[in-house]
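Peer 1: Sharing a structure below in structure tokens format, with a few things to ask.
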Amino acid sequence: MSSPDPPSTRQQALVTALQWGLVQAFVLDTVARLLRNYYRATMDSFVTPDWVFSIQVAAPLGLLVGGIGGYRWVTGGRATISAAAHRRRALFVGSLLVCWALAIVPTVAFQWMLGDRFFTVPFFVIPTIAAVLAVGGASLIAYRVETEWYRRYRTKLLGTAKGAVVGLVLGVVAFVVYGGYLAATQTSYSLSGGPEIVGGVCLGAIAGYAFTDTDGSGDRSAEFLVIFLPSVLALTLVVGLGSVALAVLGVSVPGFPSFVTILVPIVAALAVSSYLTYSVETTVYRRFVGR
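Here's what the structure looks like:
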């Protein structure tokens, strides 16, 4: 049951901090990737100036700085404090994370079709266009779509988003496993992840749309996304840092190919998110949006 009380100022400040931080990190990451692809397209080299690399490295710092600014904006009394404003901010955060994740789909699709021409002028701007469309789509859903329209299609939209994200990660898993198998068998190959990722996202989105038909299932879809997206990012960071630490210490784990470090956080995040969402039936989403 929805709570009649509006979200607390602290809760609104935390969501706004996340919104501002994500936007800052998004801008820095997108600009850095555009510059990196520009140098690759115009100089036919993977080497970019150090200042371009510094922009991309600064993206996590942008998350922190933007978060502090958003938090102070709300606690300083300069923001609109209402349940409706809070829900729109929370909707923007969720939409941005989903759209940002799915922005890889047009990128790999065009890379699959264009091959080596993808990294030439003018095609190198495709990833940037996809990223801009992602943030534009999140803004449209959160701030331009009528409330009644969103409520009418909310369940299907959430189900489709969940299915698309699951299809995306399963497509990545299939690509990594197949590539690891070919590398292990020393097969001569030229491999593209485009078919697996695009096909996984399309099939997942169709399945999510078809099997999500009640408000309860829509809330479960939102709960899954709220848990899964931070989980896969956090686990990827932990596993990556753990691998680097083991390498520095000179410790090797026999019997495990390198691509396992990519699969572990994805599979673990899927398992944990599915268990918490559909077995434990957690309410992280409701607390996040103040419902």
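So the sequence shown is numbered by the UniProt record's numbering: it starts at 1 and just counts up by one. Quick reminder that beta carbons are idealized off the backbone N, C-alpha and C, glycines included.
1) Pairs of beta-carbons, one from the stretch 154-168 and one from the stretch 131-138, closer than 8 Å: are there three or more?
2) Does the beta-carbon distance from residue 95 to residue 126 come in below 8 Å?
3) Do residue 200 and residue 241 count as a contact pair if the criterion is CB distance below 8 Å?
4) Ignore the nearest five residues each way along the sequence and tell me which others in residue 131's own chain have a CB closer than 6 Å to its CB.
5) Just the Cα atoms here: how many angstroms apart are residue 278 and residue 51?
6) Compute the Euclidean distance between the alpha carbons of residue 72 and residue 117, then round it to the nearest angstrom.
7) Taking the beta carbon of residue 196 as the centre, do at least 16 other beta carbons fall within 10 Å, making it buried, or is it exposed?
8) Kindly list the residues whose CB is nearer than 7 Å to the CB of residue 164, restricted to its own chain and excluding five residues on each side of it in sequence; keep chain order.
9) Does the distance from the C-beta atom of residue 98 to that of residue 16 stay below 8 Å?
10) Classify residue 82: buried if its beta carbon has 16 or more other beta carbons within 10 angstroms, exposed otherwise.
11) Quick check on the DSSP output: the alpha helix (DSSP H) that includes residue 60 runs from which residue to which?
12) Anyone know if the C-beta pair for residue 227 and residue 289 falls short of 8 Å?
13) DSSP on residue 196, reduced to helix/strand/coil?
14) Assuming contact is defined by CB atoms lying nearer than 8 Å, are residue 55 and residue 22 in contact in what I supplied?
15) Assuming residue 212 and residue 282 are in contact, meaning their beta carbons sit under 8 Å apart, how far apart are those beta carbons, in whole angstroms?
16) With a threshold of 6 Å on Cβ separation, who are the neighbours of residue 25 within its own chain once the five nearest residues in sequence on each side are excluded?
17) Residue 231 and residue 273 look like a contact to me (Cβ under 8 Å); what is the Cβ gap, rounded to whole Å?
18) Are there 16 or more other CB atoms within 10 angstroms of the CB of residue 234, so buried, or fewer, so exposed?
19) By a C-beta neighbour count over all protein chains shown, 10 Å radius and 16 as the cutoff for buried, is residue 7 buried or exposed?
Peer 2: Considering the structure as presented:
1) no
2) Within the sequence shown, residue 95 is the residue found at index 95, counting from 1. Within the sequence shown, residue 126 is the residue found at index 126, counting from 1. Going by C-beta atoms, residue 95 is not nearer than 8 Å to residue 126.
3) Stepping through the sequence shown from its first residue, residue 241 is reached at position 241. Stepping through the sequence shown from its first residue, residue 200 is reached at position 200. No. Outside cutoff.
4) Locating residue 131 in the sequence shown gives position 131, where the first residue counts as 1. Answer for residue 131: 30 and 103, listed in chain order.
5) Along the sequence shown, one-based indexing puts residue 278 at 278. Along the sequence shown, one-based indexing puts residue 51 at 51. Rounded to whole angstroms, residue 278 to residue 51 spans 46 Å at the Cα level.
6) By 1-based counting over the sequence shown, the position of residue 72 is 72. By 1-based counting over the sequence shown, the position of residue 117 is 117. Taking the straight line from one Cα to the other gives about 46 Å.
7) Residue mapping note: residue 196 aligns to position 196 of the sequence shown, counting from 1. Burial call: buried.
8) The sequence position of residue 164 within the sequence shown is 164, counting from 1. Taken in chain order, the residues that qualify are 102, 201, 204, 205 and 208.
9) Working through the sequence shown from its first residue, we reach residue 98 at position 98. Working through the sequence shown from its first residue, we reach residue 16 at position 16. The answer is no: Cβ separation not under 8 Å.
10) The residue labelled residue 82 in the question sits at position 82 within the sequence shown. Residue 82 should be labelled exposed.
11) By 1-based counting over the sequence shown, the position of residue 60 is 60. Segment 59-75, the alpha helix (DSSP H) holding residue 60.
12) On the sequence shown, position 227 is the one that residue 227 refers to. On the sequence shown, position 289 is the one that residue 289 refers to. The answer is no: Cβ separation not under 8 Å.
13) For the purposes of this step, residue 196 is taken as the residue at position 196 of the sequence shown. Residue 196 falls in the helix class under three-state DSSP.
14) Translated into the one-based positions of the sequence shown, residue 55 becomes position 55. Translated into the one-based positions of the sequence shown, residue 22 becomes position 22. For residue 55 and residue 22, no; Cβs fall outside 8 Å.
15) As a working mapping, residue 212 is identified with position 212 in the sequence shown. As a working mapping, residue 282 is identified with position 282 in the sequence shown. No, residue 212 and residue 282 are not in contact; Cβ-Cβ is about 18 Å, not under 8 Å.
16) Within the sequence shown, residue 25 is the residue found at index 25, counting from 1. Contacts found: 59, 62 and 63.
17) Taking the first residue of the sequence shown as position 1, residue 231 is located at position 231. Taking the first residue of the sequence shown as position 1, residue 273 is located at position 273. Residue 231 to residue 273, Cβ: 6 Å. Contact.
18) By 1-based counting over the sequence shown, the position of residue 234 is 234. Classification for residue 234: exposed.
19) Here residue 7 refers to the residue found at position 7 when the sequence shown is read from its first residue. Of the residues assessed, residue 7 falls on the buried side of the cut-off, its CB having 16 or more other CB atoms within 10 angstroms.
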